[in-house]
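Have a look at the structure below, then the notes.
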Amino acid sequence: MKHWIFLGLAGLVACADSTPPIYEPQDCPDAVESARPVAQAQAVSAPEDETFIVHFRRTVSASAATRAAGDAVVRMGGQVRARWSQLGAVAAHLTPEARQKLAADPEVLAIYPDHPVHAFAVARQPAITTGSTAEYTDGLKLVQANSVWDADNDGVLDANAPIGSNIRVCVIDSGWDDRHPELKAAYVGGKDFVELDDDPRDYDTQSKTWGGGHGTHTAATIVAQLASTGSVNPSEDSAGVVGVAPGVELLVARVLNTQGTGKLSYILSAMEWCQKEGAKLASLSLGSDESNPLERDAFQNALNAGMLAIAAAGNSGTGDPSTEPGVAFPAAYPSVLAVGAVDFDGVHPTFSQVGAALSLVGPGVDVLSAALSGISSYSELDVAGTRVTSSSLEFAPVGTYEGPLVHCGLGGSRTACGEAATCEGFVAYVDRGGTDSQGEGLTFAKKVDAVRRAGARAVIIGNNDPSDGVGRFTLGKAGSWLPTASISYQDGEALKKLSATQARMNLVSVDYQRLTGTSMATPHVTGVAALVWSARPSLTAAQVRDILEKSAEPLPRGSAKGSRNDVYGYGLVQAKAALKLLETYP
1 MKHWIFLGLA
11 GLVACADSTP
21 PIYEPQDCPD
31 AVESARPVAQ
41 AQAVSAPEDE
51 TFIVHFRRTV
61 SASAATRAAG
71 DAVVRMGGQV
81 RARWSQLGAV
91 AAHLTPEARQ
101 KLAADPEVLA
111 IYPDHPVHAF
121 AVARQPAITT
131 GSTAEYTDGL
141 KLVQANSVWD
151 ADNDGVLDAN
161 APIGSNIRVC
171 VIDSGWDDRH
181 PELKAAYVGG
191 KDFVELDDDP
201 RDYDTQSKTW
211 GGGHGTHTAA
221 TIVAQLASTG
231 SVNPSEDSAG
241 VVGVAPGVEL
251 LVARVLNTQG
261 TGKLSYILSA
271 MEWCQKEGAK
281 LASLSLGSDE
291 SNPLERDAFQ
301 NALNAGMLAI
311 AAAGNSGTGD
321 PSTEPGVAFP
331 AAYPSVLAVG
341 AVDFDGVHPT
351 FSQVGAALSL
361 VGPGVDVLSA
371 ALSGISSYSE
381 LDVAGTRVTS
391 SSLEFAPVGT
401 YEGPLVHCGL
411 GGSRTACGEA
421 ATCEGFVAYV
431 DRGGTDSQGE
441 GLTFAKKVDA
451 VRRAGARAVI
461 IGNNDPSDGV
471 GRFTLGKAGS
481 WLPTASISYQ
491 DGEALKKLSA
501 TQARMNLVSV
511 DYQRLTGTSM
521 ATPHVTGVAA
531 LVWSARPSLT
541 AAQVRDILEK
551 SAEPLPRGSA
561 KGSRNDVYGY
571 GLVQAKAALK
581 LLETYP
């Protein structure tokens, strides 16, 4: 069984480390426990709850069936977690005995596993109308959004231009960062379906840890505010970001935990909640390879009620038609608008899933948007008084350290740094790649853990791909890591000759990051849909979809207008063209 996480793409290259350890030092004090990732520690003591979805026969109304289902589950020893009045079904914790009894009940149509899904909210303040064109990202410009509400490109929202006003968009994702300046003004309400409360932050209250910022990134692509800039990486040609539809009202439904995983039942509950809260659009940058008839019904019910769901196609594309998995669910349902990814040149990346269900594509490669505060950073690295171009690893903590540079080879064990390593501290240089003693790839996390045990206080990763520059890598998950940054292969080769010289690393927190995936493409399409709907609120959900598809730029470029294919759907979503079509649309 496969599942997807619609997030960034990072590669780890393996090459053998044949250097035997020379001596066997003890771990430096306090190094072992603090090097353990926070998320890993959580997984040891927090096993997944086993829940099921019980679908009852609808002899009367769906709501009556739902009540009967809940009563039956309780009578048989189950614990109801969620009820869906539109579906005649409940989610419940069931013992094997309770499942057996329910399966024998003639009123029970089916009992489904609550299968996992993965990532692939205050009165609204007036939108700020003046900002800077430096907030206009490549993705924003590719879908023509700024041409709709800033036609003269002066950094000021044009009077009476559609900006998504009075349109509620429900982002069904990992929650949000309520501290981020780009989102505060747009937020109007939220619900947490993971922890069952009204605080949908991307935060685990038990472990007191933040997640990866997936929902913050996707929400900001839709609704980030002009002139609400957080801390920016000075190497980026940007003064923050602005969303495709900065005037929308943001609803946040948290269905993914801090590890980016959720359950089908959370999505079903979120869909009903979004409708009750008046959402016109639901944006889902998540999915699974499994379909479910109740899920299909839930999305069809939403469309029938006037809410358009827009979902990511998935990131498990192969580039080989014979092995392509097709579009993921819920994107593949007929009632959902499925979104694939393209790069800034309009070219299809292999990872973006394709198929007959694909409707549109949007920017999904190296997309700049908001990040969780403190989760992303930029690096300043000086070696022997010379600035070296570098890139901080995702999840590396901010901070400054200066000390002697020690070459630690592939960083496969605490002995790799040799006798130059001391518990007084040093900056470890480690080459990318290699395998551990079990023959498994040496991830960046393993390398950082190993050299920390030897006393390192900061880590430099030398890329092993001469054509890849400094790279863009990740430590995988939140944890108590060391400040870590990567440099190019060429600079790494030069640094190897400078062991024992001084190195200074400074990681500075920023509020933005670049991510890749169909998750990033989806909110671009959602934002354009909000612009169209705000220009004519009387449109139906089906009409909004029709306008987006008919006005899209056909791809590959040169394709006939109105044509469709399984790789790009109807093409690249275009805001200006959609508004132009709306002028003559019935």
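Residue numbers for the sequence shown, in full-length UniProt numbering: 1 to 586.
Think of the CB as a built atom: it goes at the ideal place given N, C-alpha and C, for glycine as much as any other residue.
Whole-angstrom distance between SER480 and ALA356, CA atom to CA atom:
44 angstroms
Rounded C-alpha distance that separates VAL459 from GLY471
15 angstroms
With a Cβ-Cβ cutoff of 8 angstroms, do ALA279 and VAL255 count as a contact?
no
Cβ neighbour criterion (16 or more within 10 Å) applied to VAL347
exposed
For TYR266, three-class secondary structure by DSSP:
helix
Return yes when the Cβ of VAL223 is within less than 8 angstroms of the Cβ of ALA186, no when it is not.
yes
Return helix, strand or coil for GLN225, following the three-state DSSP convention.
coil
Which class does HIS214 belong to by DSSP, given the choice of helix, strand or coil?
helix
Quick one: any contact between the segment 132-148 and the segment 504-514, if contact means 3 or more CB pairs under 8 angstroms?
no
Beta carbon of GLY243 nearer than 8 angstroms to that of GLY527
yes
Given that a residue counts as buried once 16 or more other Cβ atoms are within 10 Å of its Cβ, and exposed if not, what is ASP320?
exposed
Is it buried or exposed, ARG83, if we count other Cβ atoms within 10 angstroms and call 16 or more buried?
buried
Can you list, in chain order, the residues of its chain with a C-beta nearer than 6 angstroms to that of PHE351? Leave out the 5 residues immediately preceding and following it.
ASN315 and GLY317
Whole-number beta carbon distance between VAL143 and THR218, since they are thought to touch under 8 angstroms
Between VAL143 and THR218 the Cβ distance is about 15 angstroms, and since that is not below 8 angstroms, they are no contact.
Where DSSP assigns a beta bridge to CYS423, which residues make up the other side?
Beta-bridge pairing links CYS423 to no other residue.
What do you reckon, is the C-beta of ARG57 under 7 angstroms from a heavy atom of the ligand NAD?
With respect to small molecules bound, the structure shown includes none, and the ligand NAD cannot be examined in it.
PRO523: which of VAL573, SER379 and ALA456 sits nearest, CA to CA?
VAL573
Can we say the segment 102-109 touches the segment 196-211, given the rule of at least three CB pairs closer than 8 angstroms?
no
How is THR51 classed by DSSP in three states: helix, strand or coil?
strand
Excluding the 5 residues flanking ILE461 on each side, which residues of the same chain have their C-beta closer than 6 angstroms to its C-beta?
VAL430, ARG432 and SER486
Please report the straight-line C-alpha distance between VAL365 and ASP343, rounded to a whole angstrom.
5 angstroms
How big is the Cα-Cα spacing for MET76 and GLY88?
18 angstroms
Excluding five sequence neighbours on each side, which residues of the same chain lie with their C-beta closer than 7 angstroms to the C-beta of SER563?
PRO554
What are the boundary residues of the beta strand (DSSP E) that MET505 is part of?
502-510
Tell whether a beta-carbon distance below 8 angstroms holds between THR133 and ASN153.
yes
I believe ALA416 touches CYS408 by the beta-carbon criterion, under 8 angstroms. Please report the beta-carbon distance rounded to the nearest angstrom.
5 angstroms
Under a Cβ-count criterion, where at least 16 other Cβ atoms within 10 Å of its own Cβ denotes burial, should ALA46 be classed as buried or exposed?
For ALA46, the predicted model reports a pLDDT of 30, less than 50, meaning its position is unreliable and no value from the coordinates is stated.
Could you tell me which residues DSSP pairs with LEU284 in its beta bridges?
ILE172 and ALA311
Per DSSP, LYS191 forms a beta bridge with which residues?
ALA253
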